[in-house]
Amino acid sequence: PKFPTKRQAKRKKHFDEQNDQNEEQQSVVESFRVNYFLVMIDVAIASLTSRFEQLKAFENVFGFLFTSKNLKSLDDTDLWQCCTNFVETFSHNNSSDVELNDFFSELKVLQATLPDALKSAPEILEFITAADCYPNVLVAYRILLTVPVTVASAERSFSKLKLLKNYLRSTMSQERLNGLAMCCIEKNVLENIDLDTVINDFASRNARRSIFFM
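Positions 1 to 214 (the UniProt record's numbering) are the ones given, in order, by the sequence shown.
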């Protein structure tokens, strides 16, 4: 880009200052590089460093649950260390959502029974839910898939909330607000739902509704 050159203002000198003829004037390009470009680069580096540190801490806790390959590659010592780290992270007042010994035993069984075709965490969660015999592992995967890695999803939820509950809908109940927010946020899931089935189920709960909808 071409930067417009402005008139260089000369600084007024006091009587006791020496007249330096070799005083350098900062160019427009150099001024842009020092006062804007380098500042933005420093901010970007600091932000990325902070974000990757958070992701590294997240991986240290949940990394062994990310994929079936990560889970099956662990031996007994590494698996026990990962389980201990996970339980200590989510322990509150000497109590935890996951029991350490049972969690380790369930993961040992899961290593042998988990199909290789299931690679991602959501697929593993569906397999565990269908099997219904891994209660501690189920809790761990539910925590994994509900912890937001970034704040973008939470910010989108609040942005959508402002559009739903405006000043005209100030008397909306909490239950209806939660339902509308869920419909707007999970729009992709909503598009795959058969509305006729939902309407028939809603109408079947009340005789007057069924007459109205028929």
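We put the CB at the ideal spot given by N, CA and C, even for glycine.
Values in this document were obtained by computation on a predicted structure and should not be read as measured data.
Span separating the alpha-carbon of valine 34 from that of phenylalanine 3: Here residue 34 corresponds to residue number 34 of the sequence shown, with the count starting at 1. Here residue 3 corresponds to residue number 3 of the sequence shown, with the count starting at 1. The alpha-carbon atoms of valine 34 and phenylalanine 3 are separated by roughly 14 Å.
Please classify valine 43 as buried or exposed, where buried requires at least 16 neighbouring CB atoms within 10 angstroms.
One-based indexing of the sequence shown puts residue 43 at position 43. Counting Cβ neighbours within 10 Å, valine 43 comes out exposed, since fewer than 16 surround it.
message: What does the alpha-carbon distance come out to for the pair serine 96 and phenylalanine 37?
response: Start at 1 with the first residue of the sequence shown, and residue 96 comes out as number 96. Start at 1 with the first residue of the sequence shown, and residue 37 comes out as number 37. Approximately 48 Å, taken between the alpha carbons.
I'd like the span of the alpha helix (DSSP H) that includes isoleucine 45, first residue to last. Working through the sequence shown from its first residue, we reach residue 45 at position 45. 38-62 is the span of the alpha helix (DSSP H), which, as asked, contains isoleucine 45.
| task | State yes or no: is the C-beta of residue 215 within less than 8 Å of the C-beta of isoleucine 128? | result | Nothing can be reported for residue 215: it is not among the residues displayed for the chain, which extend from 1 to 214.
Among Ala181, Phe32, Glu126 and Asp102, which has the Cα closest to the Cα of valine 87? The residue labelled residue 87 in the question sits at position 87 within the sequence shown. Cα-wise, what sits closest to valine 87 is Asp102.
_Reduced DSSP secondary structure (H/G/I, E/B, other) of serine 105_ = The residue you call residue 105 lines up with position 105 of the sequence shown. Helix.
**Message:** Less than 8 Å between the C-beta atoms of phenylalanine 104 and cysteine 83, yes or no?
**Reply:** Looking up residue 104 in the sequence shown gives position 104. Looking up residue 83 in the sequence shown gives position 83. Contact flag set, yes.
Exercise for review: For asparagine 136, count neighbouring C-beta atoms within 10 Å of its own C-beta (all shown protein chains included) and say buried if the count is 16 or more, exposed if not.
Suggested key: Indexing the sequence shown from 1 puts residue 136 at position 136. Result: buried.
Exercise for the section: Determine the direct distance from the alpha carbon of proline 122 to that of leucine 163, and round the result to whole angstroms. Expected result: Residue numbering aside, residue 163 sits at position 163 when the sequence shown is read from its first letter. Residue numbering aside, residue 122 sits at position 122 when the sequence shown is read from its first letter. Whole-angstrom Cα-Cα distance: 30 Å.
- request: Pick helix, strand or coil for serine 120, following the three-state DSSP scheme.
  value: Position 120 of the sequence shown, counting from 1, holds the residue named residue 120. The answer is coil: DSSP assigns serine 120 none of H, G, I, E or B.
Identify which residue in Tyr134, Arg142, Ile185 and Leu168 has its Cα closest to the Cα of phenylalanine 158.
Your numbering for residue 158 matches position 158 in the sequence shown. Closest option to phenylalanine 158, Cα to Cα, is Ile185.
query: Buried or exposed: alanine 140, going by 16 or more other Cβ atoms within 10 Å of its Cβ?
result: In the sequence shown, counting from the first residue as 1, residue 140 sits at position 140. With 16 or more other Cβ atoms within 10 Å, it is buried.
(message) Buried or exposed for valine 198, going by 16 or more other Cβ atoms inside 10 Å?
(response) Counting from 1 along the sequence shown, the entry for residue 198 is found at position 198. The residue in question, valine 198, is exposed, as its Cβ has fewer than 16 Cβ neighbours within 10 Å.
Inset, instruction - Check whether the Cβ of phenylalanine 90 sits closer than 7 Å to any heavy atom of the ligand ADP, and report yes or no. - result: Ligands displayed in this structure: none; no statement on the ligand ADP is therefore possible.
- Bridge partner(s) assigned by DSSP for valine 91: As a first step, residue 91 must be located in the sequence shown, where it is residue number 91. Residue identity differs from the one stated: residue 91 is serine in this sequence, not valine. In DSSP, serine 91 forms a bridge with Ser96.
Check your understanding: By how many angstroms is the C-alpha of serine 50 removed from the C-alpha of phenylalanine 32?
Key -> Against the sequence shown, residue 32 aligns to sequence position 32. Against the sequence shown, residue 50 aligns to sequence position 50. Distance between the alpha carbons of phenylalanine 32 and serine 50 is about 26 Å.
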